[in-house]
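One structure is given below, encoded as structure tokens.
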Amino acid sequence: MPELAISADKVAFIIEKAREFDVKEGASDPDSGSNAADDDEIDVLEDTTSDPVAAELAGFIRALNEDEQLDLVTLMWLGRGDGDLDEWDDLRERAVEARSEYKAPRRETVQYLLGEPMLGDLLADGMDELGIDWSDERTTPVS
């Protein structure tokens, strides 16, 4: 079994935040001027350019070191079914190759990950494939 460069606590935090981000939807009431309480606070589920969840998640992933980001991409691919546990080294090498083509690797890795639908579930599935318990229910990352 591979040893991850990223801690289970960090992955758990990313899973939680990614799931919060994944439930966002496009603007359903773009001209809303009414009281939010009258609208059942539904606007909180809308995906906006100033989404604090996306900003927090992007900042957290951007702050990871290269090996942690590579493991995160590999975990997502494992959870997505792009390979199995026996192919971990090959998947990670593909992640290294993909990253080498980025002009701004840190930023582009964040964009790639946040652009993946159901990122939180895919990471959770990847952790489950590795047999790593990530469900500590953390709401803040461990540095």
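Each number in this note's numbering comes from the position in the sequence shown (counting from 1) with 3 added on. Backbone N, C-alpha and C fix where the C-beta goes; we use that ideal spot for every residue, glycine too.
* In terms of residues, what are the limits of the alpha helix (DSSP H) holding Trp80? -> Within the sequence shown, residue 80 is the residue found at index 77, counting from 1. Note, Trp80: alpha helix (DSSP H), Glu69 to Arg83.
* How would you label Ala98, buried or exposed, when you count the other beta carbons within 10 angstroms and need 16 or more for buried? -> In the sequence shown, counting from the first residue as 1, residue 98 sits at position 95. Buried, by the Cβ-count rule.
* Asked: Hey, how far is the Cα of Ile18 from the Cα of Leu126?
  -> The residue labelled residue 18 in the question sits at position 15 within the sequence shown. The residue labelled residue 126 in the question sits at position 123 within the sequence shown. Using only the alpha carbons, I get a separation of about 6 Å.
* Near Gln72, what residues of its chain come up, given a Cβ to Cβ distance below 6 Å and the 5 sequence neighbours on each side ignored? -> On the sequence shown, residue 72 is found 69 positions in, with the first residue counted as 1. Only Thr112 meet the Cβ criterion.
* What's the C-alpha gap between Val14 and Ser138? -> As a first step, residue 14 must be located in the sequence shown, where it is residue number 11. As a first step, residue 138 must be located in the sequence shown, where it is residue number 135. C-alpha separation (whole angstroms): 10 Å.
* Asked: Going along the chain, which residues of its own chain have a beta-carbon closer than 7 Å to the beta-carbon of Ala61, five neighbours each way excluded?
  -> Within the sequence shown, residue 61 is the residue found at index 58, counting from 1. Cβ within range, chain order: Val113 and Leu117.
* Nearest CA to the CA of Ala8: which residue from Asn68, Gly123 and Arg22? -> Walking along the sequence shown from the start, residue 8 turns up at place 5. Measuring from the Cα of Ala8, the nearest candidate turns out to be Asn68.
* Asked: Should Lys106 go down as buried or exposed, given a rule of 16 or more other Cβ atoms within 10 Å for buried?
  -> Counting from 1 along the sequence shown, the entry for residue 106 is found at position 103. Lys106 comes out exposed.
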